[in-house]
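Q: Taking the numbering used here as reference, the numbering of the sequence shown is continuous, increasing by one, and the terminal residue is 472. Every residue, glycine too, gets a C-beta built ideally from N, C-alpha and C. This one's a predicted model, so the numbers in the text were calculated from it and none came from an experiment.
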Amino acid sequence: MKDLSKILEYQKLDIELKKTDSEFNANADKKKLDSAKNEFNAVQKGFNADVAEAERLAAETERAYADATAAGKRVEELEKAFAAAADDAAKAALLPSMETEKSRLDSLKNKVTNNIERIKKLLATITQKQHEKKNIKTEFDRIKALLEKQLAEIRPRREEIKKRMRELRESTDKELMETYVLCRKDGVPLPVFVEAQSSGNGYACRCGMTFSPSGASKLKNDGFCRCETCRRIVYIK
Ligand SMILES: [Zn+2]
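Set out below in C-alpha cells:
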C-alpha cells in the first residue's frame, strides 16, 4: 500500500492556495479596480474620439476660412466691375456670378461659424473628460495601493505554501503526483483524493457512488482506486 500522506498534504496546500487566490480575486476592491480600469478606458475612448473630431473640424475650418477669404475678394472685384459697368446690359450680365459668389461666401461664413461653435463644445467635453480621467486615475491608484497592501499580507503564506508544494512535488511518490496532476488537468473537482465512506458492508465515494465488489477489493488491496462516477481517487486509511 502506498503512503498517501505526502500527496494529501500537497492537496491540502493546493486547496488552501486556490482558496486564498480566489478570495483575493473575488474581493470587492479587486472588482472595483477592474471596473475603474474599464471606466477609464471608456472615457479615454470618448476623449480620443472628441480630440480626433476637433482636429478634423479645425482643419476643415481652416480650409473654409481660406475659401471664404478668396470668395470675399471675388465678390469685391465683381462689385467694382458692377459699379464701373458701362451700361445696364453689362451690369445685368454680372449679376448671376455676383449672386453665386455671394451665396458661396455666405455658406462658407456659416460653416466657419458653426464649426467654431462645435469646436468650442468639443473643447468643453474634452476638458471635462480630462477631469474624469484624472479622478478615475486617483481612485484607481488608491484601490491599487489598498490591494497591494492586502497582497503583501497574504504573500508570506502564499510563498510558504508554494515552497512546501515544490518540495512535495520532488519527494512525493511519482505515480501519485502524476495522478493528481492529471486529475486536476482533466477537471476532477477538488479534493481529488477523498477518503472512502463506509456504506453497508462496503465502501462509497464522497459523491455517493458505492463500489462494486471488485472495486471494493481493489480499494482494499491497493489502498485507493478511482471512482467511475466523479473520477476522484478514493482511499481507505
Ligand atoms: Zn465519486
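Taking 7 Å as the line, does the beta carbon of Met412 fall inside it for any heavy atom of ligand 1?
A: Checking the Cβ of Met412 against ligand 1 gives no.
Q: What I want to know is whether the C-beta of Thr464 ends up closer than 7 Å to one or more non-hydrogen atoms of ligand 3.
A: You won't find ligand 3 in this model; what it holds is ligand 1.
Q: Pick helix, strand or coil for Thr304, following the three-state DSSP scheme.
A: Correct three-state label for Thr304: helix.
Q: Tell whether a beta-carbon distance below 8 Å holds between Lys453 and Cys442.
A: It is not a contact, given that the beta carbons lie outside the stated cut-off.
Q: Should Asn419 be counted as a contact of ligand 1 given a C-beta to heavy atom distance under 7 Å?
A: Inspection of the sequence shows that residue 419 is occupied by Arg rather than by Asn. The answer is no for Arg419.
Q: Check whether the segment 359 to 368 and the segment 335 to 349 are in contact - that is, three or more C-beta pairs closer than 8 Å.
A: They do not touch, by the three-pair rule.
Q: Could you tell me which of Lys397, Ala359 and Thr296 sits nearest to Thr255, measuring between CA atoms?
A: Nearest option by C-alpha distance: Lys397.
Q: For a test of the three-state rule: what should DSSP assign to Ile468, helix, strand or coil?
A: The answer is strand: DSSP assigns Ile468 an E or B state.
Q: Please name the residue in Glu290, Lys241 and Phe375 whose C-alpha comes closest to that of Arg401.
A: Looking at the Cα atoms, Lys241 is the closest of the given residues.
Q: Give a single yes or no on whether Arg377 has its beta carbon closer than 7 Å to a heavy atom of ligand 1.
A: The answer is no for Arg377.
Q: Identify every run of the alpha helix (DSSP H) within the segment 303 to 356, keeping only runs that are complete inside it and at least 4 residues long; order them along the chain.
A: With a minimum length of 4 residues, no continuous alpha helix (DSSP H) run stays inside the segment 303 to 356.
Q: Please confirm whether Asp457 has its beta-carbon closer than 8 Å to some beta-carbon of chain B.
A: Here there is only one protein chain, and chain B is not present.
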